[in-house]
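Here is the structure we will look at, set down as structure tokens.
Protein chains: 2
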Amino acid sequence: MSTQTDRTTTAPAPADAPAPADAPAPAATPDALGVGMRLSLHPHTDDFVGVILGALADVEAAGLTAGLVTETDEVSTYVGARTAPAEQRLAAYLTALVAAASRRSGGGHVVAHVLLSRGCPGEVSCDLAVTGLPDAEPVEVEPTGIRAAAQWSLYPLLDGGSDGGDHMAHIEGAIAAAQRRGVAASPAHYATRLTGDVADVVATAVDAWAQVGTEVPHVVTHLTISVGSPSPAQA
Amino acid sequence: MSTQTDRTTTAPAPADAPAPADAPAPAATPDALGVGMRLSLHPHTDDFVGVILGALADVEAAGLTAGLVTETDEVSTYVGARTAPAEQRLAAYLTALVAAASRRSGGGHVVAHVLLSRGCPGEVSCDLAVTGLPDAEPVEVEPTGIRAAAQWSLYPLLDGGSDGGDHMAHIEGAIAAAQRRGVAASPAHYATRLTGDVADVVATAVDAWAQVGTEVPHVVTHLTISVGSPSPAQA
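If you read the sequences in order, they're chains A and B.
Per the working numbering, the first sequence starts with residue 1, numbered consecutively.
Per the working numbering, the second sequence starts with residue 1001, numbered consecutively.
The following block contains the structure:
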């Protein structure tokens, strides 16, 4: 991807609390922040194994696994971003995987479910060793030509008495940004509907998650992306 | 279900802040709390429409839609619990739906993804009018005889400076409870693996979500339930 450069995102030094010279603040690299996702791909066809394996091969052949580590288990696949630009790598991988599965299934009904997480690098505990949080760079993903309908939820995981603020204010700000960028966003119970090109839907969720991550350390977002559904499209 | 009774869950009066006589605290009914779920069902077969519609008909014929309202859109189905016992109704409905889809697909690969939410009854904002939170009664769901592998995430949505506490402490407590009840629980990145009968997997997630809901108003949990997967089972 032309938007993937070699720039490295590091933690900005907090203006009001400079680290002492003998204990520099560790850089908030994607690895240190635990930036990554879990995803599952559901082609609604008898040939679901062939579609999934074919789509994974397509994404690897396109060079989109660079800078990512993947681990597949019985339920889903973990994709971790070890180096910057982490969000760009994840968004490009996810978009290409959904598009490839759609093509491999002949435009049939495919659903992807993805959980994007940052700020909790451990498997059980969330001992975050970094100080400062990285800036968010908007991702740029090439359009796929495939329309998606999606449902999206965003969870800023504040701690009472610590990082301050109102979790719903972050969510409302993210929804407003999604509406401004032209991806139709309408509310539903517990989620926000997004419709548009797969690339725009993915970029909307990834950008919102990264933006909240500039203020809240631990942020998770869930996105269900549906393409080729036989259900009638909604406004 | 024999475990569904007519008891009504109401908000206990806070011991240290009795409501004034002219403004009684509204009861924290399931409807006022916005207790419900969004779910999507993914049969990995050419006949996915037949399997989904058949499973929905089976669950309705079994009387499991009593006390629930449902709304289906292009991506998922909203199931709201308006009356107690809300968690019991949701757990029974979800378990029966997954089991019916498994049977209807001849034991084929079916995945359900569910988002359970409480404490945010609106579609955009979370104006919770109740004071006090209801007790949690463990759900009881009849075993299905069908093994599931699942991934589960729990999000206590605290506000900084208000309801106090540490969001990870709630999550760690819920994982410990899942391990104690015999549903094998092992950590994965961003999620906890659960394996066991579909009924036990669902009950574990629902009980944890309701339990945290006795202390934190807004709690969401996501559960991905996989049955009949051709992938090798894990310990």
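Ideal placement from N, C-alpha and C gives every residue a C-beta, glycine not left out.
Please read these numbers as outputs of a predicted model, since none were measured by experiment.
Same chain, Cβ closer than 8 Å to P43 of chain A, five either side skipped, listed in chain order = Along the first sequence, read from residue 1 onward, the residue named residue 43 of chain A stands at position 43. If we look at P43 of chain A and ignore the five residues flanking it on each side, its Cβ neighbours are V51, I52, A101, R104, S105, G108, H109, V110.
query = Which full runs of the beta strand (DSSP E) of 3+ residues lie inside the region 1042-1119 of chain B, going along the chain?
reply = Runs found: 1068-1072, 1077-1081, 1110-1118.
request  = State yes or no: is the beta carbon of A21 of chain A nearer than 8 Å to at least one beta carbon in chain B?
outcome  = Translated into the one-based positions of the first sequence, residue 21 of chain A becomes position 21. The predicted position of A21 of chain A is uncertain, since its pLDDT is 48 and thus under 50; no value can be drawn from it.
inquiry  = Against chain B, which members of the region 214-234 of chain A pass a CB distance test of less than 8 Å?
reply    = H218, V220, H222, T224, S226, S229, P230, S231, P232, A233, Q234
key: Reduced DSSP category for A1021 of chain B - H, G, I as helix; E, B as strand; rest coil   = Counting from one through the second sequence, the residue named residue 1021 of chain B turns up at place 21. The predicted model places A1021 of chain B with a pLDDT of 47, which falls under 50 and marks its position as unreliable; any figure quoted below should be read in that light. The three-state secondary structure of A1021 of chain B, taken from DSSP, is coil.
ask   = Applying the criterion that 16 or more other CB atoms from any shown protein chain within 10 Å of the CB defines a buried residue, is V1079 of chain B buried or exposed?
value = Taking the second sequence and counting its residues from 1, one reaches residue 1079 of chain B at position 79. It is buried - the Cβ of V1079 of chain B has at least 16 other Cβ atoms within 10 Å.
task = Taking only beta-carbon positions, decide if H1170 of chain B is within less than 8 Å of chain A.
result = Your numbering for residue 1170 of chain B matches position 170 in the second sequence. No, no contact with chain A.
message = Please classify P143 of chain A as buried or exposed, where buried requires at least 16 neighbouring CB atoms within 10 angstroms.
response = The residue given as residue 143 of chain A occupies position 143 in the first sequence. Exposed: under 16 other Cβ atoms inside 10 Å.
ask   = chain B beta carbons: is any one of them nearer than 8 Å to that of Y190 of chain A?
value = Along the first sequence, one-based indexing puts residue 190 of chain A at 190. Yes, because at least one Cβ of chain B sits closer than 8 Å to the Cβ of Y190 of chain A.
query = Can you tell me whether DSSP reads P1187 of chain B as helix, strand or coil?
reply = Within the second sequence, the letter at position 187 stands for residue 1187 of chain B. Note: P1187 of chain B maps to strand in three-state DSSP.
request  = Answer with yes or no whether the minimum CB distance from T29 of chain A to chain B is below 8 Å.
outcome  = On the first sequence, residue 29 of chain A is found 29 positions in, with the first residue counted as 1. Not closer than 8 Å to any Cβ of chain B, the Cβ of T29 of chain A fails to qualify, so no.
request  = Alpha carbon to alpha carbon, how far is T29 of chain A from P1085 of chain B? Give it in angstroms, no decimals.
outcome  = For the purposes of this step, residue 1085 of chain B is taken as residue 85 along the second sequence, with counting starting at 1. For the purposes of this step, residue 29 of chain A is taken as residue 29 along the first sequence, with counting starting at 1. The alpha-carbon atoms of P1085 of chain B and T29 of chain A are separated by roughly 46 Å.
query = Listed in chain order, which residues of the region 1029-1043 of chain B have Cβ atoms closer than 9 Å to some Cβ of chain A?
reply = G1034, G1036, M1037, R1038, S1040, H1042, P1043
query = Is the region 1118-1135 of chain B in contact with the region 1225-1232 of chain B, if contact means three or more CB pairs nearer than 8 Å?
reply = no
query = In the region 1072-1101 of chain B, which residues sit with their C-beta less than 9 Å from some C-beta in chain A, listed in chain order?
reply = When CB distances to chain A are screened at a threshold of 9 Å, the residues of the region 1072-1101 of chain B falling below it are T1072, D1073, E1074, V1075, S1076, Y1078, G1080, in chain order.
query = Can a CB atom of chain A be found closer than 8 Å to the CB of D1166 of chain B?
reply = Walking along the second sequence from the start, residue 1166 of chain B turns up at place 166. Yes, because at least one Cβ of chain A sits closer than 8 Å to the Cβ of D1166 of chain B.
inquiry  = Using a 10 Å radius around the Cβ and a threshold of 16 neighbouring Cβ atoms, would you call A13 of chain A buried or exposed?
reply    = As a working note, residue 13 of chain A is residue 13 in the first sequence. Bear in mind that a pLDDT of 35 at A13 of chain A, under 50, signals an unreliable position, so the model cannot answer this.
request  = Rank A:L97, A:W152, A:D159 by C-alpha distance to the C-alpha of D178 of chain A and give the top, closest one.
outcome  = Counting from one through the first sequence, the residue named residue 178 of chain A turns up at place 178. According to the sequence provided, residue 178 of chain A is Ala. The question's Asp does not apply to it. Comparing Cα-Cα distances from A178 of chain A to each of A:L97, A:W152, A:D159, the minimum goes to A:W152.
task = Give the straight-line distance between the Cα atoms of S117 of chain A and A174 of chain A, rounded to the nearest whole angstrom.
result = As a working note, residue 117 of chain A is residue 117 in the first sequence. As a working note, residue 174 of chain A is residue 174 in the first sequence. Going from the Cα of S117 of chain A to the Cα of A174 of chain A covers about 16 Å.
Extent of the continuous beta strand (DSSP E) to which V1216 of chain B belongs = The residue given as residue 1216 of chain B occupies position 216 in the second sequence. Premise fails: V1216 of chain B is in no beta strand (DSSP E) and is neither H nor E.
query = What do you get for V69 of chain A, buried or exposed, if any count of 16 or more other CB atoms within 10 angstroms of its CB means buried?
reply = Taking the first sequence and counting its residues from 1, the one referred to as residue 69 of chain A is at position 69. The residue in question, V69 of chain A, is exposed, as its Cβ has fewer than 16 Cβ neighbours within 10 Å.
Meets three-Cβ-pair contact criterion under 8 Å: the region 1199-1214 of chain B and the region 89-96 of chain A = no
C-beta neighbour in chain B for S117 of chain A, strict 8 Å = For this step, residue 117 of chain A is matched to residue 117 along the first sequence. Yes, because at least one Cβ of chain B sits closer than 8 Å to the Cβ of S117 of chain A.
query = Measuring CB to CB, does E123 of chain A end up less than 8 Å from P1187 of chain B?
reply = For the purposes of this step, residue 123 of chain A is taken as the residue at position 123 of the first sequence. For the purposes of this step, residue 1187 of chain B is taken as the residue at position 187 of the second sequence. Yes, the pair counts as a contact, with Cβ atoms nearer than the cut-off.
task = Can you have a look at A1129 of chain B and say buried or exposed, based on whether 16 or more other CB atoms are within 10 angstroms of its CB?
result = Numbered from 1 along the second sequence, position 129 holds the residue referred to as residue 1129 of chain B. Looking at its Cβ environment, which holds fewer than 16 other Cβ atoms inside 10 Å, A1129 of chain B is exposed.
task = Could you list the residues in the region 131-162 of chain A with a C-beta less than 9 Å from some C-beta on chain B, going in chain order?
result = A149, A150, Q151, S153, Y155, P156, L157, L158, D159, G160, G161, S162
query = Quick one: Cα of G1119 of chain B to Cα of V1216 of chain B, how far?
reply = Looking up residue 1119 of chain B in the second sequence gives position 119. Looking up residue 1216 of chain B in the second sequence gives position 216. Cα to Cα, the separation comes out at about 8 Å.
ask   = What is the DSSP secondary structure of L157 of chain A, counted as helix, strand or coil?
value = Sequence index remark: in the first sequence, residue 157 of chain A carries index 157 (1-based). If DSSP states are grouped into helix, strand and coil, L157 of chain A belongs with coil.
query = Does T1045 of chain B come within less than 8 Å of chain A when only Cβ atoms are used?
reply = Taking the first residue of the second sequence as 1, we reach residue 1045 of chain B at position 45. Yes, its Cβ sits closer than 8 Å to a Cβ of chain A.
message = Which residue wins for smallest C-alpha separation from A112 of chain A, given the options A:V141, A:A149, A:C126?
response = Looking up residue 112 of chain A in the first sequence gives position 112. Answer by Cα proximity: A:A149.
ask   = Are any of the Cβ atoms in chain A nearer than 8 Å to that of V1069 of chain B?
value = Position 69 of the second sequence, counting from 1, holds the residue named residue 1069 of chain B. Taking Cβ atoms only, chain A never reaches closer than 8 Å to V1069 of chain B, which makes this a no.
inquiry  = On the criterion of 16 or more Cβ atoms from any shown chain inside 10 Å, does D207 of chain A qualify as buried, or is it exposed?
reply    = As a working mapping, residue 207 of chain A is identified with position 207 in the first sequence. Its Cβ being crowded by 16 or more others within 10 Å, D207 of chain A is buried.
inquiry  = When you compare the CB positions of V139 of chain A and L97 of chain A, do they come within less than 8 Å of one another, or not?
reply    = As a first step, residue 139 of chain A is located in the first sequence; it is residue number 139 there, counting from the start. As a first step, residue 97 of chain A is located in the first sequence; it is residue number 97 there, counting from the start. No, the Cβ-Cβ distance between V139 of chain A and L97 of chain A is not below 8 Å.
message = Can you tell me whether G173 of chain A is helix, strand or coil according to DSSP?
response = Working through the first sequence from its first residue, we reach residue 173 of chain A at position 173. Correct three-state label for G173 of chain A: helix.
message = Let me confirm a value: D1127 of chain B is counted as buried when at least 16 other C-beta atoms fall within 10 Å, else exposed. Which label applies?
response = Mapped onto the second sequence, residue 1127 of chain B falls at position 127. The residue is exposed, with fewer than 16 neighbouring Cβ atoms inside 10 Å.
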